[in-house]
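Chains as they are written, first to last, in this note's numbering: chain A, 1 to 190; chain B, 1001 to 1190. Notes to accompany the following structure.
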DNA sequence: TCCCGTGATGACACCTGGTGCCATCAACCG
DNA sequence: CGGTTGATGGCACCAGGTGTCATCACGGGA
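See the structure below:
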């Protein structure tokens, strides 16, 4: 491993979010973050593709978790059941630490168009991963896209409720609940 | 109006897309675009918030058109019927010139993550505008979000088919067709 | 006719995000 | 003990984006 302080990436993340919370996202330069972390600007961009990514890098594993869970669902499962299983599977990644982190990120992202744009990109990747996994199961394309879209909406809704300070319930429960509401609404559409 | 050449913005757009098609998006600097248009870098950023926006600025009116059409739909219309009316309403903006433009943009955007991100942002704004307009009609929230999401998917699908070189049909027809397929798939979900 | 306000542009300096390139240094390996 | 590897430092450099002031043409009013 590394012979310096072996947690350079983590130090950068901490330094970044602390600085952002103190003074706002765009008032903080990358040079200030790296100085706070005891590193250099060049190292920052070796760990993160750009300045925004330091806030969203953790989301990249979710796509894989969702896709794997959809692939692992029993062959008899409907698309929505597979999506539900996927929402349950990612719950393991959503512990108390992650919740605290999400609350900080939400605070930093609020009212920052650049960051909201990146957030949307990550959500789109989640939907895309779910849609691909569903197609790999043999679900034809209008249904696969639709189920992935609904799954993404359930994820977003469940996540928003989970992050809420007054919430006491788990992510999986909230997301499945949101999914059930959406399926019910879908049935009442026509 | 302007006393110079009164079409500065249009000249910038033309110069930009021509340069992008010739040499690729990121090989072209803003200074080169403005030089080609006979203007300066500073003027470019007075017309467009950033370099990407020169390709997507035209999409901003669509949100308004969709929202207005949803608001103008008869009170008896279901959410999906209102969305269908909205897709029909924006057809007026999709003439042959726009189609040619969209084909060029698609070519430039292909494989350019920055530009795909901006494209996703614009699509998200469309969905958001539709969802808000539906809520303003009194549609409660799981249904409003869902209908907007389905409408966005229908828009995307219809648009992709409309831009296809082999296509001969109009945007409204294609989008409504995609919407009908999605509604049918939604009914078969549960 | 003259003058003044207005709005768009030019010109310039400046900052910061982001990259290429090479040096450095610790760990590991034979 | 010497070579390799992998992460970091240091530096120059480019390009996107902004603040600020000057400029210039047009329209309107006296």
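Where a beta carbon is used, it is the ideal one built from N, C-alpha and C, also for glycine.
For residue 88 of chain A, the secondary structure class from DSSP, reduced to helix, strand or coil, is helix. Distance from the CA atom of residue 1130 of chain B to the CA atom of residue 187 of chain A, rounded to whole angstroms, is 20 Å.
Between the C-alpha atoms of residue 47 of chain A and residue 16 of chain A there is a straight-line separation of about 13 Å. At a beta-carbon threshold of 7 Å, the residues of chain A lying near residue 1142 of chain B are 181, 182 and 185, ordered along the chain. Burial check for residue 1034 of chain B: the Cβ neighbour count within 10 Å reaches 16 or more, so the residue is buried.
For a cut-off of 8 Å, the C-beta gap from residue 82 of chain A to residue 70 of chain A is around 5 Å, short enough to register as a contact. Residue 37 of chain A and residue 55 of chain A do not touch by the CB rule: their CB atoms are close to 15 Å apart, not below 8 Å. Contact between residue 85 of chain A and residue 73 of chain A holds, since their C-beta atoms are separated by about 5 Å, short of 8 Å. Between residue 1062 of chain B and residue 106 of chain A, the alpha-carbon positions lie close to 29 Å from each other. In the structure shown, residue 168 of chain A falls within a coil segment according to DSSP collapsed to helix, strand and coil.
Here DSSP, grouped into helix, strand and coil, assigns residue 179 of chain A to helix. In terms of beta-carbon proximity, residue 153 of chain A lines the interface with chain B, with at least one pair separated by less than 8 Å.
Taking 8 Å as the cut-off, the Cβ atoms of residue 1079 of chain B and residue 1147 of chain B count as close. When rounded, the separation of the alpha-carbon atoms in residue 167 of chain A and residue 1170 of chain B is 48 Å. Proximity to residue 88 of chain A across A/157, A/174, A/41 and A/138 peaks at A/174, based on C-alpha coordinates. At a cut-off of 8 Å between beta carbons, residue 80 of chain A contacts chain B.
Taking the Cα of residue 1139 of chain B as reference, the smallest distance to any Cα among A/8, A/189, A/66 and A/77 is reached at A/189. From the beta-carbon of residue 1124 of chain B, the residues of chain A found nearer than 7 Å are 120. Between the C-alpha atoms of residue 1039 of chain B and residue 1009 of chain B there is a straight-line separation of about 10 Å. When only Cα atoms are considered, residue 1068 of chain B and residue 1127 of chain B end up about 13 Å apart. Residue 1189 of chain B belongs to the set of residues whose beta carbon lies under 8 Å from a beta carbon in chain A. With fewer than 16 other beta carbons inside 10 angstroms of its own, residue 1165 of chain B counts as exposed. Contacts with chain B at 8 Å (Cβ-Cβ) do not include residue 91 of chain A.
Looking at the backbone, the Cα of residue 42 of chain A and that of residue 32 of chain A are separated by about 12 Å. Residue nearest to residue 1021 of chain B within the set B/1109, B/1007, B/1125 and B/1099 is B/1109 (criterion: CA-CA distance). At a cut-off of 8 Å between beta carbons, residue 62 of chain A makes no contact with chain B. Close to residue 1133 of chain B, with beta-carbon spacing below 7 Å, lies no residue of chain A; the smallest spacing is near 17 Å. Approximately 21 Å separates the beta-carbon atoms of residue 120 of chain A and residue 1065 of chain B; this is outside 8 Å, ruling out the contact. Taking residue 1051 of chain B as the centre and dropping the five residues before and after it, the same chain places the C-beta of 1030 closer than 6 Å to its C-beta, in chain order. Secondary structure at residue 1137 of chain B: coil, using DSSP grouped into helix, strand and coil.
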